[in-house]
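Trainee:
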Amino acid sequence: SQQGEEDPQALSIQEGENATMNCSYKTSINNLQWYRQNSGRGLVHLILIRSNEREKHSGRLRVTLDTSKKSSSLLITASRAADTASYFCATDKTGANNLFFGTGTRLTVIP
Amino acid sequence: EAQVTQNPRYLITVTGKKLTVTCSQNMNHEYMSWYRQDPGLGLRQIYYSMNVEVTDKGDVPEGYKVSRKEKRNFPLILESPSPNQTSLYFCASSLDTLTNYGYTFGSGTRLTVV
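First to last, the protein sequences are chains A and B. Quick note on the working numbering: the first sequence kicks off at 1 and runs consecutively. Quick note on the working numbering: the second sequence kicks off at 112 and runs consecutively.
1. In chain B, what lies closer than 8 angstroms to residue 103 of chain A by C-beta?
2. Residue 165 of chain B: buried (16+ other C-beta within 10 angstroms of its C-beta) or exposed?
3. When the cut-off is 7 angstroms and only beta carbons count, does residue 127 of chain B lie next to chain A?
4. Here's the rule: buried if 16 or more other CB atoms are within 10 angstroms of the residue's CB, otherwise exposed. What is residue 1 of chain A?
5. 7 angstroms is my cut-off, CB to CB: does residue 22 of chain A come that close to chain B?
6. Please classify residue 152 of chain B as buried or exposed, where buried requires at least 16 neighbouring CB atoms within 10 angstroms.
7. Do we get a CB-CB distance below 7 angstroms when we pair residue 174 of chain B with the residues of chain A?
8. Which class does residue 195 of chain B belong to by DSSP, given the choice of helix, strand or coil?
9. Does the Cβ of residue 126 of chain B have 16 or more other Cβ atoms within 10 Å, making it buried, or fewer, making it exposed?
10. So the candidates are A/88, A/33 and A/43; which of them puts its Cα closest to the Cα of residue 10 of chain A?
11. Should the region 210-219 of chain B be regarded as contacting the region 44-57 of chain A, the criterion being three or more beta carbon pairs within less than 8 angstroms?
12. Tell me the start and end of each unbroken beta strand (DSSP E) in the region 147-199 of chain B that is at least 3 residues and wholly inside, in chain order.
13. Is residue 218 of chain B close to chain A, meaning its C-beta is less than 7 angstroms from at least one C-beta of that chain?
14. Nearest-angstrom Cα distance between residue 106 of chain A and residue 184 of chain B?
15. Which residues in chain B have a C-beta closer than 9 angstroms to the C-beta of residue 48 of chain A? List them in chain order.
16. On the three-state DSSP scale, how would you describe residue 113 of chain B?
17. By the 10 Å Cβ neighbour count, where 16 or more other Cβ atoms means buried, how is residue 36 of chain A classified, buried or exposed?
18. Is residue 203 of chain B helix, strand or coil by DSSP?
19. Please confirm whether residue 42 of chain A has its beta-carbon closer than 7 angstroms to some beta-carbon of chain B.
20. Grab me the residues of residue 220 of chain B's own chain with a C-beta within less than 7 angstroms of its C-beta, minus the 5 sequence neighbours each way, in chain order.
21. Is residue 92 of chain A helix, strand or coil when you go by DSSP?
22. Taking its Cβ as the centre, do 16 or more other Cβ atoms sit within 10 Å of residue 12 of chain A, making it buried, or is it exposed?
Written out as structure tokens, the structure reads:
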């Protein structure tokens, strides 16, 4: 019962460029979260956006949420080589207590 | 340091030999969960726990057991492992039983069943 789907599956950019990743989901949500995973390691929580919010910022991260389109985007500005990782969106379902993760976007930032 | 600790980090075992992967958190979190991660399939939830003695199945619970006798510990038990359980396993915890807070993940356990 996968809820979130990220797009693209892989993204390669030059250092200093911006990276945009998208997430689409299927059912109504309470909130949506983004996580980062460095190769083979545990996921790290980046940002949470609630269903009544449209945009949220954290440092170089900007997240938008469009509940009418059931989609979200994660923008990383002025990317660095250290941003190379996989990025996952995670959604809950209204009335459920659990997070459901997509398959992720693999971001490579070339120095 | 606030963290979720999983052990072991790597494990190779044979089919049918019972094993336990331990998970412990030091943040007094109510909610704990186990996920497995496989290429092309993302993270799939195995079991979760809302509090001590309260556990429930996730999306892929077959072949696994869990227990929550203490708030801090949430071990994952494979009573008779099979090769299709070869995977990367993650334990995660969260402050409350709703999804109002981010999850804190352990470093993962890479299990190979031969």
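No residue lacks a Cβ here, since even glycine has one placed at the ideal position from N, Cα and C. If you're wondering where the values come from, they're calculated on a predicted model, not measured in any experiment.
Mentor: Taking the structure as given:
1. 151, 152 and 153
2. exposed
3. no
4. Summary for residue 1 of chain A: the model assigns pLDDT 47, below 50, so the residue's position carries little reliability; its value from the coordinates is reported in the next sentence. It counts as exposed.
5. no
6. exposed
7. no
8. helix
9. exposed
10. A/88
11. yes
12. 153-162, 165-168 and 187-189
13. yes
14. 32 angstroms
15. 210, 211, 212 and 213
16. coil
17. buried
18. strand
19. yes
20. 117, 119, 120, 122, 132 and 200
21. coil
22. exposed
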